[in-house]
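Structure first, commentary second.
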Amino acid sequence: MKNIGFAGIILCYGREAQAGKEKNVLGPASEANPDQQILEWRDGTLRTLGMIESSNFLGIRLTGAGTGVIRCLLEGSDPPPLFRQAMDAICRQAAAQGSRVWIDSEQQAVQSTIDKWTIDLMRRYNTCGRALVYNTLQAYRKASRAELEHQLRLSQQDGWTLAVKLVRVLYNGIVRDLLLGTVDGIPQDEFPPLKLFLATHNTETVRQTANLAKRLSDTGQLKVAPEFGQLQGMADDIGFEIIHSADAAKSTIEANTEGSSGVHGTFVPLVYKCLTWGSLRECMRYLVRRAEENMGATGRLKEGLLPIVAELWHRSMGSVRRQGSGS
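The structure is reproduced here in structure tokens:
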């Protein structure tokens, strides 16, 4: 991915499960004893972590750790001690290799507890200006702004760095306020450190956010520099558009001599591609969920096809010109 301009990847371990209507577990995590499920999930997650490089992301879903963990998530109780040890092992390894950890959002029945557990992880690991663990917020939900403001205030009070992945996000007040550092209840000059990742396939959202970040950066007003990501095989057109913007920003930096105005404030957008791996058995629930979520993807395919063809033409002609100049 880096060879074609992407900043890196988000590699997700596909093991996940779902709590049924009777609070039973649907998926492969229901077939072993609770401790064994946690150990299998831990080992699979650490294998996933071993496949990525520094600055890349590891994506995990806590329900993949099995019935005991899901029961605690549903009840809103503390995590099992063995699960806490597993998360510590994952976070320590991610920190040692310079990677970052996404905690994905899941069904609403367990999400409030996932938020609580993830805040505890951020409080312990997102220190000294480092953002190791990212929480996920579904931006389309009405409660998302209040939850985001709550987590920002917690991070400000306790002195840790909030790291947030926003999904299903549109270009709206939340995004603008975060980039500007203007959130209700927090003075702009006291806005706490924040890492922001927009995981969206909405072309206009990505484009407008990147353009706003550039304008704010050029005038020294950018408080939070966003990063972007899309699933592999989806929204490649906007991904390549961000790559071109990044190349232009890097050229601007290189063209200026050290110390010139604007050099150190130039916003260079970063875009990542998200992939999922695991055995077919482990990924079955993921595959079903993606099929349900991406019913509208075929309608967007035609819209994104022409920009991809143009990108292929641009790259092929660039290669021809380089070969011609070298002859």
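When you read off a place in the sequence shown, starting at 1, and then add 7, the result is the number in the working numbering. Don't be surprised by glycine CBs; every beta carbon is placed ideally from N, CA and C.
Within 7 Å, strictly: CB atoms of residue i and residue j
i              : j             : result
valine 171     : leucine 203   : yes
threonine 210  : proline 233   : no
serine 61      : glutamine 104 : yes
alanine 102    : leucine 139   : yes
aspartate 184  : valine 190    : yes
asparagine 63  : serine 112    : no
asparagine 133 : threonine 168 : yes
isoleucine 77  : alanine 26    : yes
isoleucine 110 : lysine 280    : no
glutamate 82   : tyrosine 293  : no
valine 108     : leucine 65    : yes
alanine 256    : threonine 273 : yes
Expected contact under 8 Å - CB spacing of residue i and residue j to nearest Å
i              : j                 : result
leucine 282    : leucine 53        : Not quite, the Cβ-Cβ distance comes to about 17 Å (not below 8 Å), so this is no contact.
isoleucine 249 : phenylalanine 235 : 6 Å
cysteine 290   : glycine 21        : 4 Å
For residue i, the nearest candidate out of the options (CA to CA)
i              : options                           : result
serine 151     : Arg175, Arg137 and Val140         : Arg175
proline 41     : Ser112, Gly180 and Pro86          : Pro86
alanine 14     : Met291, Ser252 and Glu299         : Ser252
glutamine 115  : Thr70, Leu159 and Val108          : Thr70
glycine 12     : Asp244, Arg214 and Thr55          : Asp244
threonine 212  : Ala255, Val190 and Tyr147         : Tyr147
alanine 39     : Leu139, Thr168, Gly75 and Ile249  : Gly75
tryptophan 284 : Ala26, Gln25 and Gly51            : Gly51
leucine 159    : Gly180, Arg130, Asn179 and Leu177 : Arg130
isoleucine 59  : Gln100, Glu156, Arg22 and Glu248  : Gln100
methionine 8   : Gly272, Gln239 and Thr273         : Gln239
valine 157     : Arg297, Leu177 and Asp122         : Just to set this straight, residue 157 is histidine in the shown sequence, not valine. Nearest option by C-alpha distance: Asp122.
valine 231     : His208, Thr207 and Phe198         : Phe198
cysteine 98    : Asn179, Ser119, Tyr178 and Arg137 : Arg137
Separation of residue j from residue i, as counted between CA atoms
i              : j                : result
glutamine 163  : leucine 187      : 16 Å
arginine 49    : leucine 201      : 28 Å
methionine 241 : glycine 192      : 37 Å
arginine 419   : glutamine 44     : Any property of residue 419 remains undetermined from this structure, which presents the chain solely from 8 to 334.
proline 88     : leucine 56       : 22 Å
asparagine 263 : leucine 161      : 40 Å
glycine 246    : leucine 205      : 12 Å
isoleucine 181 : leucine 229      : 15 Å
arginine 214   : valine 278       : 12 Å
alanine 96     : phenylalanine 90 : 10 Å
glycine 266    : cysteine 135     : Confidence in glycine 266 is poor, its pLDDT being 43 and thus under 50, which makes the residue's placement too unreliable to answer from.
glutamine 145  : asparagine 10    : 31 Å
threonine 259  : glutamine 237    : 26 Å
valine 270     : lysine 221       : For valine 270, the predicted structure reports a pLDDT of 39, less than 50, and the residue's modelled location is therefore unreliable. A value from the coordinates is still provided. Distance between the alpha carbons of valine 270 and lysine 221 is about 12 Å.
valine 275     : aspartate 225    : 11 Å
aspartate 165  : methionine 94    : 21 Å
histidine 208  : glutamate 47     : 32 Å
leucine 350    : serine 286       : Residue 350 cannot be examined here, being either before or after the span of the chain that is shown, 8 to 334.
valine 117     : isoleucine 67    : 15 Å
Reduced DSSP category for residue i - H, G, I as helix; E, B as strand; rest coil
i                 : result
asparagine 218    : helix
alanine 262       : helix
asparagine 10     : helix
isoleucine 97     : helix
valine 270        : Low per-residue confidence applies at valine 270: pLDDT is 39, beneath 50, and the placement is therefore not dependable, though the value from the model is reported in the following sentence. Three-state DSSP puts valine 270 in coil, outside helix and strand.
threonine 74      : helix
cysteine 79       : helix
isoleucine 59     : coil
alanine 253       : helix
glutamate 113     : coil
glutamate 23      : coil
tyrosine 279      : strand
leucine 155       : helix
leucine 177       : coil
tyrosine 147      : coil
tryptophan 48     : helix
lysine 172        : strand
phenylalanine 235 : strand
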